[in-house]
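Working notes, structure below.
Chains as they are written, first to last, in our numbering: chain P, 341 to 1026; chain G, 2 to 574.
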């Protein structure tokens, strides 16, 4: 199926345009228009000029403006409303297409409900929270829930777009399953955690369809600004009527409405809701599901980012990177012992030792059986592992934590060289973990196990820093190790020996200082911190508790995805800001087009104010109205794609935007209106 | 334009710049600090006054309590000033035996002086007794200025206070602020200033009017009175209500070029200094200087425009063969000349003072446009005492909002977030001004009660109407003249405009303060844009100009602008 992750619909997909056109007509209903006060004024103005047209047709007056002029202005005013509706419809349409794809997936399956120790077949919609169901290989999981028994591999590609199956098992942090995903192997018992209509899939459909969309706080504030400006211009235009009356200037109703519509911020007013919808949509394309627009906006403001070390900053496991022989021990001797001690060790650390010896010291792993070796597994008591050899001579090779091996060497009658403490201290300082290797009573040397920082992560953190976001690494390591990794990864700060309480406390302290905190997490013990953070991104692989606590879910479970989330949040605000600036800046040119046109009949001396040299008063007003309508259409792509975010620092960013959209917004309409005026003259419409 | 003319303007600006920091630092000390001068002498006075106001404990007030105190005090003031005018014939110090003031005029004057507007529909010398001038008007000149400072302090505290863990709800105490501003700022400065004025020849007596015979042998009445004491606070408190009808053009009010310079300086002194005080309150004086810079840019542009316009000879006179080297001297005093008159016009309208030393009605159309635009920008170009600061801070809220969006962050100012509630209040504040100015102008332009007061027809008449309501709503008080405003219609509508322009703007400003004061402070980072740089100052200037210009451009284009083009074509009104 076409998951949200699949190909992004091209900006103005033909298949989306047709329903959008129909929708823009449907949205002319007063109930829909009234939700947007700016466009409502345009709508009411269009209605008024329509009445004027009808009046002029029914009873023509000699002093009225030419009918052709009134009709054309009226048409373009209606187009202005339609264009704004169209922008919103296109933005919504893209969400609807995705929702449709998701809905196909929500087939009504039959569930195998487990009740009082036996199975019964019930339709999936009848399942309620708390019910338990059985799912076996080939079954679709009937609803969101938690695995309470068993382990299975599950295909979640329908939700995540990721084709590799994932393991889901009872207990721990991998127990959450999502309705609509498919069990590939084994059998699990799932306790349903959401009522029908309230599941993850339902919420996802609701979100992409925009059904659950509410105005975000910042959108509300901007709306107030736009309504305020509209009222001011309404005042300016309405009072112009008596002032003109005093001056003996006849003003046609059409001209006053045209002036009003050109002055009120129709560009941003018409595109505002499209910008919001498109922002959520962009996030979804990045496979992040935001539970509310508020969270997306908050992401743009994040000051501090908390990241788990393991899996986010470093690769999941520590790797051996170096062997340090003690004085008097040959490197080959140590390498061989390290290899022997690790051959049977299936932990990632053990395997990395074998790999290191093979790659760096060119020693091929030998068959343990050939030496009649017995494997000594790791236990919590001994804190070491290794093997005992019989052939050619009996040897006991051990590797493990330094203090454990020292104790072992002592018990074998040997002593630890002084060099040992020094070397292991050095490794600890560098953020690594030292493992000692001993052969009987002889301490051979140390293996340097190191956390490997993910490639490219430092550059990502630099980008965060350029945005003004502080990164904090969370780790269970001791402070010394944590400091070294923090330095290598380039994070700004770290929290070592972190407990869930310490995480929560850290978030609260940061928030107490007025900062907005984002964090990523997946485990149940992350849930309180995710809930406390202003932006909590839960990994889709995480537990149900974590997903409930966060306000976003990353379907790809990629913790550095936050970078993109922050960018989308910022883009959302920037797009609104720049279009508002552009919209207001446009008014200057529109004044110079319309005002001289209105007064020139009575005061021909003000011709110098007609700086654009527009051909006639009617053409001037009409050109301004047409420009005002067309600019909405022209800016739809920008509204949907969003202004590009560059991590430049606030001042540089502001300067850029002001130049581009402020100064540009003053100049563009002068050119545009003039061009339209010339075209109108050429085709003889004015 | 001449070198001497520009030198006068630049000297004036240099003096403003010079007083801003020391006076601002002093204001910060007495208004926000704990130590005030002369505690032995003024301390008991301070305590007595506060006990009278019922604020002996100096308890801090929430914005609602602050606004309520302000409104109650202002209502009380209106009633007192109204009563004193109505009963002045029964009261002492009335050597000319002037009768009671009529009800509409008394209402208009009471509102006017309470709202720090000092619009005068009357001529002082023929209407008000010395008692009314001193007890009613001079008193209001002090306390209305002090109330303006209070509101500015409250809004500044809203932005700059750092709330504790339990948040913060209070903004200071209205009575303490008014008392501090009056006792430690306005009174002592006025005392010295009035003595200086007397030394320059300004009157200060209770004598009856004297009769004189002019060189031509005509008889002339010379009005007398306690002028200097009122003149000082007239300019220092940006009140502008002249003792005499001719205001600062009268030789007994403003006798020499030196007093003219000091009067202009005293108009700007406190509004300019308050920007520095604000910077101190913010803990970053650059924040204050940014506001000062934005104000200065707008002011200097205005002065340059009005001087350039007035330095041109009247085209009709030139056409008639009259060469007027000195520029347009109609309605100007030869004592000051074109440059000092143009400068005074720009200063008094930029700063919501309203004192005049020349007749703005007689300026060229573009010269008359500038004072009007100065007021229509919302009286934020230094503005009224206190009013200029809280006015420009509201414009800062709008600028920060737009700038914040453009850098992709929820807008914040001094670390505090600007949200829907503040936007609502800021827009309310911005809406009040065009509502009263344009609404009443439209009404007066078509009603016979409005038009019948005009002395000039055509666009010039419209300028007179627009100027009157702009001046009233902006609490400026200067008149374009040429308009007989002492009619019931004008007295009542202008009174309402002044009330609206004062209190319907102060209350939203205080409400913004109330909602900002408790907000958490986000420390600045690379993602926050600085609000003290050139870039922000430029943005602030653009927002002020665009909001002002876009609102009033249609109305202005039918009045001074059209008149300018018509004058160029030889058509005069």
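Ideal Cβ positions, reconstructed from N, Cα and C, are used throughout, including at glycine. Here the structure is a predicted model, which means the values were calculated and not measured.
For residue i versus residue j, is the C-beta distance shorter than 8 Å?
| i | j | result |
| --- | --- | --- |
| residue 334 (chain G) | residue 358 (chain G) | yes |
| residue 986 (chain P) | residue 993 (chain P) | yes |
| residue 787 (chain P) | residue 663 (chain P) | yes |
| residue 590 (chain P) | residue 378 (chain P) | no |
| residue 967 (chain P) | residue 1016 (chain P) | yes |
| residue 510 (chain P) | residue 477 (chain P) | no |
| residue 538 (chain G) | residue 295 (chain G) | yes |
| residue 486 (chain G) | residue 64 (chain G) | no |
| residue 495 (chain P) | residue 522 (chain P) | yes |
| residue 522 (chain G) | residue 990 (chain P) | no |
| residue 583 (chain P) | residue 573 (chain G) | no |
| residue 274 (chain G) | residue 31 (chain G) | no |
Around the C-beta of residue i, are 16 or more other C-beta atoms found within 10 angstroms, so that it is buried, or is it exposed?
| i | result |
| --- | --- |
| residue 219 (chain G) | exposed |
| residue 538 (chain P) | exposed |
| residue 1024 (chain P) | exposed |
| residue 451 (chain G) | buried |
| residue 212 (chain G) | exposed |
| residue 922 (chain P) | buried |
| residue 764 (chain P) | buried |
| residue 5 (chain G) | exposed |
| residue 939 (chain P) | buried |
| residue 797 (chain P) | buried |
| residue 165 (chain G) | exposed |
| residue 62 (chain G) | buried |
| residue 344 (chain P) | Interpretation of residue 344 (chain P) is limited by its pLDDT of 41, a score under 50 that renders its predicted location unreliable; the figure taken from the coordinates is listed afterwards. Buried, because 16 or more other Cβ atoms sit within 10 Å of the Cβ of residue 344 (chain P). |
| residue 259 (chain G) | exposed |
| residue 672 (chain P) | exposed |
| residue 646 (chain P) | buried |
| residue 532 (chain G) | buried |
Would the C-beta of residue i count as close to the ligand MN, meaning under 7 Å from any of its heavy atoms?
| i | result |
| --- | --- |
| residue 611 (chain P) | The ligand MN is absent from the structure shown, which contains no ligand whatsoever. |
Applying a beta-carbon distance threshold of less than 7 Å, which residues of chain G neighbour residue i?
| i | result |
| --- | --- |
| residue 1028 (chain P) | Lying before the first or after the last residue shown, residue 1028 (chain P) is absent from chain P, which here runs from 341 to 1026. |
| residue 641 (chain P) | 410 and 411 |
Using the beta-carbon of each residue, which ones in chain P are nearer than 9 Å to residue i?
| i | result |
| --- | --- |
| residue 522 (chain G) | 853 and 854 |
| residue 442 (chain G) | 579, 582 and 583 |
| residue 428 (chain G) | 564, 565, 567, 568, 569, 571 and 572 |
| residue 556 (chain G) | 576, 579, 580 and 583 |
| residue 529 (chain G) | 808 and 990 |
| residue 547 (chain G) | 924, 925, 927 and 928 |
So with CB distances below 8 Å, who are the chain G contacts of residue i?
| i | result |
| --- | --- |
| residue 584 (chain P) | 559 |
| residue 921 (chain P) | 403 and 407 |
For a contact defined as C-beta to C-beta under 7 Å, what are the partners of residue i on chain P?
| i | result |
| --- | --- |
| residue 563 (chain G) | 939, 943 and 946 |
| residue 425 (chain G) | 564 |
| residue 534 (chain G) | 991 |
| residue 45 (chain G) | The contacting residues do not exist; residue 45 (chain G) stays about 43 Å from chain P at best. |
Against residue i, what residues of chain G qualify as contacts under a CB-to-CB distance less than 9 Å, listed in chain order?
| i | result |
| --- | --- |
| residue 964 (chain P) | Neighbours of residue 964 (chain P) on chain G: none; closest Cβ ~14 Å, over 9 Å. |
Worksheet item: Between the region 798-806 of chain P and the region 851-861 of chain P, do at least 3 Cβ pairs fall closer than 8 Å?
Response: no
Item to complete: For the region 72-89 of chain G and the region 101-111 of chain G, state whether three or more C-beta atom pairs, one from each stretch, are separated by less than 8 Å.
Response: yes
Discussion item. For a minimum of 3 consecutive residues, which ranges assigned as the beta strand (DSSP E) are wholly contained in the region 208-265 of chain G?
Written reply: 211-214 and 220-223
Worksheet item: Can at least three beta-carbon pairs, one atom from the region 833-851 of chain P and one from the region 876-886 of chain P, be found at a separation below 8 Å?
Response: no
Fill in: Three CB pairs or more closer than 8 Å across the region 616-634 of chain P and the region 764-783 of chain P
no
Worksheet item: Could you give the uninterrupted runs of the beta strand (DSSP E) lying entirely in the region 851-933 of chain P, keeping only those of 3 residues or more?
Response: 857-861, 875-879 and 892-894
Practice prompt. Determine, using beta-carbon pairs with one atom in the region 176-192 of chain G and one in the region 416-424 of chain G, whether at least three such pairs fall under 8 Å.
Written response: no
Discussion item. Restricting to runs no shorter than 4 residues, where is the alpha helix (DSSP H) found entirely within the region 699-751 of chain P?
Written reply: 742-751
Practice prompt. For the region 948-960 of chain P and the region 495-509 of chain G, state whether three or more C-beta atom pairs, one from each stretch, are separated by less than 8 Å.
Written response: no
Fill in: Sufficient close CB pairs (3 or more, under 8 Å) joining the region 356-372 of chain G to the region 536-556 of chain G
no
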